[in-house]
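Residue numbers (my numbering), protein chains in the order written: chain A, 1 to 514; chain B, 1 to 514.
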């Protein structure tokens, strides 16, 4: 996009024996090999030691052969030879593949009794061993004192490319588009098309699945925000993360915006973190909600680092039906609501889905989950002037009189709550229905807003997921209609009925409480 | 243990292209290679198709080279040739390494327009294509009708080894120890030593970390229950999962009970599931609590399948100190409490730790998490006659008069709650302290028991973790002393103070409420 004189940096990775044992390393290196990421250079600190002892006790992998099997260039060096390392880097920079530089090293080099053992891995050497190590290495400077000649060499290295860097900066500053990109600036009017989509939906009263709603949003986002790069872990056709006009990134052509991650959720999460940290791209990625467990460690890091990453997680409840309990998320909503600094959206229709996308793209320091349905939902919102999802929860359907109860619901269960409201109204019972697309945002609202939404009448919550956590709003577990077990195999609506996630049960619960 | 004429079965795995892309596959095959599991034979259905298209779009791995790099025997066959497959199996059975049999196949073979495409992956063929496929394959039988000659061949295959099997069964039935093993029978008096440990602890009033308490338990378990096999994902010295007398399983000698999983939490979880399903072994495995995210998918499957697996998860809170937020679990307790059919224990002292181990080992259909501390805790229990943890929660320290409030705490915070109780008592305020080592078990108790423990006075909960979920017992979030953010770097006690997890704050909250 911006040419090789503006974007031409290498990415260097320092990794250890443990990093290479974690499964995510295989997911990552196989993608890097496939994409021929020749600007990626990995140093493997091959010291043969992990916390529990020598590596051979837990691993016998021929790492060179392993990296070659996924299309990498490999170089082996003495990890203590500056000359060999420098030569390897130069060679790696010329490769048309990513490069592993295997550096044979000795952990705790110079410590007479502890070098080459796990005793140097996580504990201090101790005074005596440290003194002997200093003597072995001929190191005479005091602790934390850097000798002048070393300091001078470092500073020279820091200055070496100063002129080149200044020149690059000037070039960058003169390229406003580039500056906007790396600052992840959203273009003016970026959300105009989404606003139009909302209006159109309200007018046409379309009933679509919220995963489809998300795809409608993406059709309007991809044309407006060039930095947005999306993909799926081999479920694009189910997650509906691909829209017309997107181009797949390949080894032959990086100038695309669709990433085919393969069946590698964990690497997808980590790669999105890397993209968000790098800047210039706003990543989203899709898989089934239940499989988000595979990338949970990366999602936690996105939350901890405060990254703008969007997770498109479809098939969000027991409503997925026949695939059964392995594919039915139960505890997932609660588990992410408990995680700090991540928004868990479960929108109820196209309008809320568009609102969620808007918030997600504006949240520069918070990753967002969009938990989306496989099954269709009606359009419930009647007005889209204000992004009500920003409040986290709001009264989506008001009682015709002073409400005797409040029904709180999310996602596909909001229409169920509205149906219960109608039945109750017909028998003279007035209730408010609250849609709660994002508990985290609701919890951030002022107390008086929260009170005004939840009301003082008894509250019932309904969600086709674990009951756990809803007591925050209902006070009691008995007032939550949800699950306390794993799901079951069957048609979506039959599974709902089996677990009592029904209009009848909501009506019954409200009647009990008032 | 039981000799090769009793235990001599092979394990066959059918896997696809997607299975081999998931990171866990590398963790698993590298361990299988290291351990030279030559009775493991994997068929790879190499059909070059995943849901989103041909494999080459998302993967370029040379699988043969990859498996060789981790010490496997590999054989390539035409996946439609019975002769080649049969010969490969015979060859694999003689190998001294695990074997990959790469089977080149065509997905949807015979379907004229859809074979070899992702259209056959997850959708029905449709009537027309199906009819053409039947013609291509010369298949004339009606749907769901098995032709007689095929049925006869299958039945013959089923009977082929009947005599051998009967002979084996007779041998097995005559070996009571073997029968007890494969039925996972706990030996008589298996928990006697644990009971002694509890009594001794109460007498001696030892203050130890609960991870150390768990090690004391293991010292008493390993000698009593030969089926128990444990290990750690390269954190044995921190998780304290290894005890004297344990022997590490290696390629040269399988007759051990310690597994060195390396830095592979996900494979550890999956391997423990496999062991529990196989029977004859009761597995436990350790890592830091925060790293349990890496094996969460396997933990969910253990819960879903109802397996007796024990997770020894140490460094259970912000109390780990200097390692900082990446190593400090926050949402983990809530996230597992929300998961169906898994016990989340957070014991407060040696007695509760031993009780948790006893329950975990007795729970044949439910996996158990032991969330254990790095920091020391005093012995709080004064009596061990009854396993009170079986109730999930109980009054551990009774008010001297009619209680004006109830303080609920878990793990390391129970002693903090008891200190607050003392301060409050000195200023004339009487409170009960409830220890809640396992919310899931508490929730299963009868209503009147729960009410008697929680009381009718205001309730305060304190736990050095996410507030989320405690409203089930306190009604309101404001009554929970915990965190709504990630942790921080610093000494454990300073981090506690920073987040207000202090005796002073518990005292203050109780004073506000009464």
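Glycine residues also receive a C-beta, built at the ideal position from the N, C-alpha and C atoms.
In terms of residues, what are the limits of the beta strand (DSSP E) holding residue i?
i, result
"residue 366 of chain B", "Neither: residue 366 of chain B is in no beta strand (DSSP E) and is coded neither H nor E."
"residue 311 of chain B", "310-314"
"residue 15 of chain B", "11-16"
"residue 37 of chain B", "Element bounds for residue 37 of chain B: n/a, residue is neither H nor E."
Please identify the residue among the options whose C-alpha is closest to the C-alpha of residue i.
i, options, result
"residue 301 of chain B", "A:371, A:271 and A:324", "A:324"
"residue 181 of chain B", "B:510, B:252, B:283 and B:240", "B:283"
"residue 194 of chain A", "A:125, A:166 and A:223", "A:223"
"residue 509 of chain A", "A:496, A:474 and A:280", "A:474"
"residue 437 of chain B", "B:354, B:131, B:402 and B:259", "B:354"
"residue 356 of chain A", "A:140, A:393 and A:29", "A:393"
"residue 75 of chain B", "B:88, B:82, B:280 and B:83", "B:88"
"residue 390 of chain A", "A:407, A:397, A:373 and A:351", "A:351"
"residue 174 of chain B", "B:147, B:2, B:507 and B:369", "B:2"
"residue 41 of chain A", "A:22, A:369, A:29 and A:48", "A:29"
"residue 218 of chain A", "A:241, A:288 and A:85", "A:241"
"residue 313 of chain A", "A:135, A:365 and A:295", "A:295"
"residue 231 of chain B", "A:57, A:403, A:503 and A:123", "A:57"
"residue 16 of chain A", "A:31, A:69, A:32 and A:79", "A:79"
"residue 266 of chain A", "A:26, A:12 and A:14", "A:26"
"residue 379 of chain A", "A:494, A:363, A:418 and A:400", "A:418"
"residue 486 of chain B", "B:470, B:464 and B:506", "B:464"
"residue 103 of chain B", "B:47, B:443 and B:220", "B:47"
"residue 518 of chain B", "B:5, B:11 and B:44", "The structure shown does not extend to residue 518 of chain B, since chain B is modelled only from 1 to 514, so the question has no answer here."
"residue 122 of chain A", "A:304, A:440, A:476 and A:49", "A:49"
"residue 36 of chain B", "A:33, A:61 and A:332", "A:61"
Would residue i be called buried (16 or more neighbouring beta carbons within 10 Å of its own) or exposed?
i, result
"residue 176 of chain A", "exposed"
"residue 144 of chain B", "exposed"
"residue 451 of chain B", "exposed"
"residue 90 of chain B", "exposed"
"residue 245 of chain B", "exposed"
"residue 481 of chain A", "buried"
"residue 163 of chain B", "exposed"
"residue 151 of chain A", "exposed"
"residue 278 of chain A", "exposed"
"residue 456 of chain A", "exposed"
"residue 137 of chain B", "exposed"
"residue 114 of chain A", "buried"
"residue 577 of chain A", "Examination of residue 577 of chain A is not possible in this model, given that chain A is present from 1 through 514 alone."
"residue 511 of chain B", "exposed"
Thinking residue i and residue j are a contact (beta carbons under 8 Å), I'd like their distance in whole angstroms, please.
i, j, result
"residue 264 of chain A", "residue 236 of chain A", "Contact flag wrong, Cβ pair sits at about 14 Å."
"residue 384 of chain A", "residue 199 of chain A", "6 Å"
"residue 462 of chain B", "residue 501 of chain B", "7 Å"
"residue 453 of chain B", "residue 414 of chain B", "With a Cβ gap of about 14 Å, residue 453 of chain B and residue 414 of chain B do not count as contacting."
"residue 95 of chain B", "residue 38 of chain B", "5 Å"
"residue 112 of chain B", "residue 73 of chain B", "Contact doesn't hold; Cβ gap of about 37 Å is too wide."
The alpha helix (DSSP H) that contains residue i, what's its start and end?
i, result
"residue 200 of chain A", "192-204"
"residue 318 of chain A", "It is not in any alpha helix (DSSP H) - residue 318 of chain A carries neither H nor E in the DSSP assignment."
"residue 357 of chain B", "350-362"
"residue 260 of chain B", "Element bounds for residue 260 of chain B: not the alpha helix (DSSP H) but the beta strand (DSSP E), 258-260."
"residue 414 of chain B", "413-426"
"residue 239 of chain A", "236-239"
"residue 210 of chain A", "210-222"
Residue i: beta carbon under 6 Å from a heavy atom of the ligand GTP?
i, result
"residue 37 of chain A", "For the ligand GTP, the structure offers nothing, since it holds no ligand at all."
Q: Identify each residue in the region 306-336 of chain A for which the Cβ-Cβ distance to at least one residue of chain B is less than 9 Å, and report them in chain order.
A: 325, 326, 330, 331, 332, 333, 334, 335 and 336
Q. At a Cβ cut of 9 Å, what residues of the region 59-81 of chain A count as close to chain B, listed as they run along the chain?
A. 59, 60, 61, 62, 63, 64, 65, 66, 67, 68, 69, 70 and 71
Q) Taking Cβ-Cβ distances below 7 Å as the criterion, which residues of the region 475-487 of chain A are in contact with chain B? A) 475, 477, 484, 485 and 486
Q: Identify each residue in the region 224-245 of chain A for which the Cβ-Cβ distance to at least one residue of chain B is less than 8 Å, and report them in chain order.
A: 232, 234, 235, 236, 237 and 238
Q.
Please list, in chain order, the residues of the region 252-280 of chain A that have any C-beta partner in chain B closer than 9 Å.
A. 260, 261, 262, 263, 264, 265, 266 and 267
Q) What residues in the region 88-112 of chain B bring their beta carbon closer than 8 Å to a beta carbon of chain A? A) none
Q: Compile a chain-ordered list of the residues in the region 392-420 of chain B whose CB is closer than 8 Å to at least one CB of chain A.
A: none
Q | Within 9 Å of chain B by C-beta, residues of the region 41-59 of chain A in sequence order | A | 50, 51, 52, 53, 55, 56, 57, 58 and 59
Q. Listed from N- to C-terminal order along the chain, which residues in the region 456-468 of chain A have their beta-carbon within a distance smaller than 7 Å of any beta-carbon of chain B?
A. 466 and 468
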